[in-house]
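These protein sequences, in sequence, are chains A and B.
Mapping of the first sequence onto numbering that gives the first Met the number 0: position 54 corresponds to residue 53, and the numbering continues sequentially without gaps.
Mapping of the second sequence onto numbering that gives the first Met the number 0: position 54 corresponds to residue 53, and the numbering continues sequentially without gaps.
There are 2 protein chains.
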Amino acid sequence: MVMTKEKSILRVVGISGSLRRESFNRKALQTAKKIALEMGVDVDEIDLKELNIPMYDGDIESNGFPDAVQRLRNKVESADMLIIATPEYNHSISGALKNAIDWLSTGKNILDGKTAAIFGASNGLFGTMRAQAHLRQILNALNVIIAPQPQLFIRSAKEAFALDGSLSDQKLFLQMQKLIKKTIELTVLIKENKQ
Amino acid sequence: MVMTKEKSILRVVGISGSLRRESFNRKALQTAKKIALEMGVDVDEIDLKELNIPMYDGDIESNGFPDAVQRLRNKVESADMLIIATPEYNHSISGALKNAIDWLSTGKNILDGKTAAIFGASNGLFGTMRAQAHLRQILNALNVIIAPQPQLFIRSAKEAFALDGSLSDQKLFLQMQKLIKKTIELTVLIKENKQ
């Protein structure tokens, strides 16, 4: 990968759509952070469980953004790129992730023009394929740029992770490396073009 | 419509996916309740704003359902049919509605085999068309039976409602009547078949 001056100041945030502490999506996000760090990019993780933002409600918004929402918006606003690990609940993304996206989009769309690497892990055979399809449609609505390929579906998650929580399935690990690399390159390209 | 003995004991719950007090979806739900009542069916409204259920989190679930979640599950479990008014946020349903559905589905799927009438209102030209497409996919995953037609998209909502909050657009009102009637008939048919 060609390193650029811009890349060294790339700002990236990481979000897991699953709140559970031991979730495979949190674990997958940790592996993605390590991969990005090896490429010289530090990822600032936003923990939706800790942030504990309220459900989107126009009545709340009309009184101004709650503190937790404002913190979320500030963190994402300063980023060029997002890494999103999504679980699949009932063929779509989690309410927690959707709610966070809706708070980011309302008023000024904070996500406009940013890039995202998305992936997901599940114990099923399809590895969040349907949730990711919904997530792409949702992020498309907000002008978030997602590379069409590669796509990463961490299926049979119980077998894909080692005891230390790292993504040990080598095929999936290499796919994740490609996805992160591709998205960083895309982000650098867009960032350079803006400057 | 043919009235049946079963219909008199039909249990229906109504949910708005928008929390805002003055939302068009809350208003549309009130009109749907009146229409159902005229057909002899009382609708028990579940207010997600008042219920204030937490974000789905496997760590919380492993300690048992929170009180608000248990109340939600009990109300829906005793129902034969749901009426769901969905807003469209970023081409999909609200985080609040998705979160409620996820809490209803986890462990024992409370929604299994129930029927639903779904509709939505927005100020745009498509009247929640994309959110309803996602909602159908999500509810299909849970074996919720939704009639393929009629579908109801309350577009340009500002013009569709009267000052008293009722759905005053006559074409849309008649479509809502058809939708509620069709879904009640379907529910009666399914309920009779179960007995």
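Using N, Cα and C, we set each Cβ at its ideal position, and we do this for glycine too.
Original post:
B/I82 and B/K32: beta carbons closer than 9 angstroms?
Top reply: Mapped onto the second sequence, residue 82 of chain B falls at position 83. Mapped onto the second sequence, residue 32 of chain B falls at position 33. Contact: yes.
**OP:** Run down chain B in chain order and give the residues with a C-beta less than 7 angstroms from the C-beta of A/A146.
**Re:** Counted from its first residue, the first sequence places residue 146 of chain A at position 147. Near A/A146 there are no residues of chain B at all, since even the closest Cβ is about 20 angstroms away, more than 7 angstroms.
Original post:
Less than 9 angstroms separating the beta-carbons of A/G123 and A/E158?
Top reply: On the first sequence, residue 123 of chain A is found 124 positions in, with the first residue counted as 1. On the first sequence, residue 158 of chain A is found 159 positions in, with the first residue counted as 1. Not closer than 9 angstroms, so no.
Subject >> Residues in the region 15–37 of chain B having any Cβ partner in chain A nearer than 9 angstroms >> reply: S17, L18, R19, R20, E21, S22
Original post:
B/D43 bridges to which residues according to DSSP?
Top reply: One-based indexing of the second sequence puts residue 43 of chain B at position 44. Looking at the DSSP assignment, B/D43 forms a beta bridge with B/V12.
**OP:** Buried or exposed for B/N62, please, with buried defined as at least 16 other CB atoms from any protein chain shown within 10 angstroms of its CB.
**Re:** In the second sequence, counting from the first residue as 1, residue 62 of chain B sits at position 63. It counts as exposed.
**OP:** Give me the Cα-Cα distance between B/Q136 and B/Q148, rounded to the nearest whole angstrom.
**Re:** Position 137 of the second sequence, counted from the start, is the residue given in the question as residue 136 of chain B. Position 149 of the second sequence, counted from the start, is the residue given in the question as residue 148 of chain B. For B/Q136 and B/Q148, the distance between alpha carbons rounds to 15 angstroms.
**OP:** Determine whether the Cβ of B/R129 lies closer than 9 angstroms to any Cβ atom of chain A.
**Re:** Here the question's residue 129 of chain B lines up with position 130 in the second sequence. It does: the Cβ of B/R129 has a partner Cβ on chain A nearer than 9 angstroms.
**OP:** Report the residue from B/G94, B/D101, B/K170, B/F125 whose alpha carbon sits nearest the alpha carbon of B/Q69.
**Re:** Position 70 of the second sequence, counting from 1, holds the residue named residue 69 of chain B. Ranking B/G94, B/D101, B/K170, B/F125 by Cα distance to B/Q69 puts B/D101 first.
**OP:** Taking only runs that begin and end inside the region 43–93 of chain B, name each unbroken alpha helix (DSSP H) of 4 or more residues, in chain order.
**Re:** 47–50, 57–60, 66–76
Original post:
In whole angstroms, what is the alpha-carbon distance linking A/A120 and B/V75?
Top reply: Translated into the one-based positions of the first sequence, residue 120 of chain A becomes position 121. Translated into the one-based positions of the second sequence, residue 75 of chain B becomes position 76. So the two alpha carbons sit approximately 30 angstroms from each other.
Subject >> Among A/L96, A/D111, A/G164, nearest to A/D79 - alpha-carbon criterion >> reply: In the first sequence, the residue the question calls residue 79 of chain A occupies position 80. Taking only the C-alpha atoms, the option nearest A/D79 is A/D111.
Original post:
Secondary structure at B/L110, three-state DSSP: helix, strand or coil?
Top reply: Sequence index remark: in the second sequence, residue 110 of chain B carries index 111 (1-based). Coil.
Subject >> Coarse secondary structure for A/I117, derived from DSSP in three states >> reply: Counted from its first residue, the first sequence places residue 117 of chain A at position 118. DSSP places A/I117 in strand when its eight states are reduced to three.
Original post:
Any idea if B/N98 is buried or exposed, counting beta-carbon neighbours within 10 angstroms, 16 or more meaning buried?
Top reply: The sequence position of residue 98 of chain B within the second sequence is 99, counting from 1. That one is buried.
**OP:** Starting from the Cα of A/G94, find the closest Cα among B/I52, B/M38, B/L9 and give me that residue.
**Re:** Residue 94 of chain A sits at position 95 when you count from the first residue of the first sequence. Measuring from the Cα of A/G94, the nearest candidate turns out to be B/I52.
**OP:** Per DSSP, which residues does A/I144 bridge with? Please list them.
**Re:** Indexing the first sequence from 1 puts residue 144 of chain A at position 145. A/I144 is bridged to A/T114.
**OP:** Could you check the C-alpha separation between A/I117 and A/D56 for me, to the nearest Å?
**Re:** The count along the first sequence starts at 1 and reaches residue 117 of chain A at position 118. The count along the first sequence starts at 1 and reaches residue 56 of chain A at position 57. Spanning the two alpha carbons is a distance of roughly 26 angstroms.
Original post:
B/L141 CB to nearest chain A CB: under 9 angstroms?
Top reply: Within the second sequence, numbered from 1, the residue matching residue 141 of chain B stands at position 142. Chain A, which has a Cβ nearer than 9 angstroms to the Cβ of B/L141, makes this yes.
Subject >> First and last residue of the uninterrupted alpha helix (DSSP H) at A/M175 >> reply: Mapped onto the first sequence, residue 175 of chain A falls at position 176. That run of the alpha helix (DSSP H) goes 169–193.
Original post:
Where do the N-terminal and C-terminal ends of the alpha helix (DSSP H) with A/A27 fall, by residue?
Top reply: Stepping through the first sequence from its first residue, residue 27 of chain A is reached at position 28. Its alpha helix (DSSP H) spans residues 23–37.
Original post:
For B/L18, does the three-state DSSP call read helix, strand or coil?
Top reply: In the second sequence, the residue the question calls residue 18 of chain B occupies position 19. B/L18 falls in the coil class under three-state DSSP.
**OP:** Would you mind sorting A/Q29 into buried or exposed? The rule is 16 or more other CB atoms within 10 Å of its CB.
**Re:** Start at 1 with the first residue of the first sequence, and residue 29 of chain A comes out as number 30. Classification for A/Q29: buried.
Original post:
So which of B/K177, B/F23, B/R129, B/T127 has the shortest CA-CA distance to B/A146?
Top reply: Locating residue 146 of chain B in the second sequence gives position 147, where the first residue counts as 1. It is B/K177.
**OP:** Over the uninterrupted alpha helix (DSSP H) stretch that includes A/A156, give me the two end residues.
**Re:** Along the first sequence, one-based indexing puts residue 156 of chain A at 157. Taken as a continuous stretch (DSSP letters only), the alpha helix (DSSP H) holding A/A156 covers 156–159.
Original post:
If you compare alpha carbons, which of A/T114, A/R129, A/N142 is closest to B/A140?
Top reply: Residue mapping note: residue 140 of chain B aligns to position 141 of the second sequence, counting from 1. If we check each option's Cα against that of B/A140, A/R129 comes out closest.
Subject >> Backbone CA spacing between A/I92 and B/I92 [nearest angstrom] >> reply: Translated into the one-based positions of the first sequence, residue 92 of chain A becomes position 93. Translated into the one-based positions of the second sequence, residue 92 of chain B becomes position 93. Using only the alpha carbons, I get a separation of about 10 angstroms.
**OP:** Below 8 angstroms on the Cβ atoms is my guess for B/F160 versus B/K26; work out the distance and round it to an integer in Å.
**Re:** Working through the second sequence from its first residue, we reach residue 160 of chain B at position 161. Working through the second sequence from its first residue, we reach residue 26 of chain B at position 27. That pair is a contact at about 6 angstroms.
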